[in-house]
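Residue numbers for the sequence shown, in the numbering used here: 2 to 288. Note that beta-carbon positions come from the ideal geometry of N, C-alpha and C, so glycine has one too. Take a look at the structure set out below.
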Amino acid sequence: MPNLGFDIGGTNLRVLRLNEDGSSSALQQQEHPNEPEAIISVVVKLARTFIKETTKTIETIGVGCAGHVLPTGVIKSSPNLPNFINLPLKQILEEEIQTQVIVENDANCSAWAEHQIGAGVGIENLLVASFGTGIGAGLILGGSIFRGSYGLAGEVGHMTLEENGRPCPCGNYGCWEQYSSGAELSNLIAKNNTKAVPYERTLTEFGEKVAIGFRNLSHILDPEMIILTGGITSIGDPLLKAIQQAYFRKVGHRDNGKLTQIKLGMFGNEAGALGAALIASAQEKIQ
Ligand SMILES: [Zn+2]
2 MPNLGFDIGG TNLRVLRLNE DGSSSALQQQ EHPNEPEAII SVVVKLARTF
52 IKETTKTIET IGVGCAGHVL PTGVIKSSPN LPNFINLPLK QILEEEIQTQ
102 VIVENDANCS AWAEHQIGAG VGIENLLVAS FGTGIGAGLI LGGSIFRGSY
152 GLAGEVGHMT LEENGRPCPC GNYGCWEQYS SGAELSNLIA KNNTKAVPYE
202 RTLTEFGEKV AIGFRNLSHI LDPEMIILTG GITSIGDPLL KAIQQAYFRK
252 VGHRDNGKLT QIKLGMFGNE AGALGAALIA SAQEKIQ
């Protein structure tokens with residue numbers, strides 16, 4: 002059966018259809034108004050349109066959402082979607098669309114896509130960091146998604162980088178994502194452009210901040226591979242090289258840290274929606 006995958010990030014809503022043969026429809030993307038009711042009504046409208054246009058029945062829809070997703074499909078809270086508080090997203094969508102809905106953290110969806118059909122196929126211990134409005138990570142440990150004790154594993158963007166640093170929507174200060182998110186790279190490029198800083202140096206400056214977080218994560222998790230995903234991967238090799246150089250320069254005594262591969266993901270902006278559809282498809286096979 003074909004599956005739909007939605008990705009509700011801090012700024013954008015994305016959707017695609019994953020077909021039975023593994024192909025997918027072109028990613029549809031739009032900015033959303035960051036209001037639960039408005040976002041839900043767009044998701045419902047898009048889902049109904051896809052269901053109408055698809056010749057085969059769509060039985061399960063996967064929805065990746067930024068924030069703390071409970072196993073019941075409730076969004077408990079979401080720093081970059083501040084009005085998503087105790088929102089029973091799965092229940093609301095199932096009632097509206099009359100189709101089974103699986104809700105999963107958006108970064109976990111991206112990680113699953115890379116692990117199943119992307120740059121991390123066959124990698125047992127994998128960290129997939131998504132750079133968008135914030136930084137989320139999906140952890141694949143021992144070949145499975147690791148969600149932690151309370152569904153909060155992988156909130157790497159909120160590691161403290163500067164004790165009294167920039168304020169973050171999570172309520173803390175100096176979080177990693179305030180210095181290294183996709184949004185922050187855009188700000189840095191704009192700021193450095195006005196000062197005529199060469200583009201390469203901007204990437205080096207950004208790469209240093211990303212590498213601090215990656216090194217901290219390597220010390221804790223000892224992953225075989227770290228994959229970068231999200232819109233920033235469209236910059237490609239110059240960005241990857243800046244991060245790799247900064248990472249390996251200071252990795253210190255860790256031989257295993259030196260072995261950790263850092264790669265670009267294969268799906269960029271599509272990863273979340275694709276992973277959500279793959280999770281929906283896997284759910285159907287279990288049933
Ligand atoms: Zn934070």
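Three-state class that DSSP yields for residue i in the structure shown
i    : result
A184 : helix
I263 : strand
T50  : helix
G276 : helix
P34  : coil
L189 : helix
S282 : helix
S24  : coil
I40  : helix
S111 : helix
T195 : helix
I228 : strand
I86  : coil
I124 : coil
Host beta strand (DSSP E) of residue i (start-end)
i    : result
K8   : The sequence given here places Asp at residue 8; Lys does not occur at that position. Residues N4 to I9.
E60  : Neither: E60 is in no beta strand (DSSP E) and is coded neither H nor E.
N106 : Q101 to N106
G175 : Neither: G175 is in no beta strand (DSSP E) and is coded neither H nor E.
R15  : N13 to L19
F132 : L127 to F132
S78  : I76 to S78
L140 : I136 to L142
Span separating the alpha-carbon of residue i from that of residue j
i    : j    : result
A154 : V252 : 23 Å
I263 : G149 : 23 Å
A130 : S282 : 23 Å
F215 : A108 : 16 Å
N173 : T161 : 8 Å
E36  : N81  : 11 Å
Q92  : G232 : 30 Å
E164 : S235 : 31 Å
I59  : L240 : 38 Å
I41  : L94  : 7 Å
K242 : Y200 : 14 Å
N270 : T230 : 7 Å
E285 : I221 : 34 Å
A247 : I228 : 16 Å
E156 : E38  : 25 Å
S145 : E125 : 8 Å
F7   : E105 : 10 Å
A27  : E209 : 34 Å
G266 : E96  : 35 Å
P168 : E185 : 13 Å
N175 : G10  : For clarity, residue 175 is Gly in the given sequence; the question names Asn instead. So the two alpha carbons sit approximately 21 Å from each other.
T100 : I62  : 7 Å
T134 : S182 : 6 Å
I136 : T203 : 19 Å
R15  : G166 : 32 Å
L88  : A197 : 45 Å
E115 : Q29  : 20 Å
S111 : I98  : 24 Å
I103 : K192 : 40 Å
Span of the alpha helix (DSSP H), counted from its first residue to its last, around residue i
i    : result
F249 : D238 to R250
T234 : No alpha helix (DSSP H) contains T234, which DSSP labels as neither H nor E.
I93  : L90 to I98
G335 : The chain is shown only over 2 to 288; residue 335 falls outside these bounds and no answer can be derived.
| field | Residues surrounding ligand 1 [beta-carbon distance to nearest heavy atom under 5 Å] | value | Residue list for ligand 1: H159, C169, C171, N173 and C176 (CB closer than 5 Å to any heavy atom, chain order).
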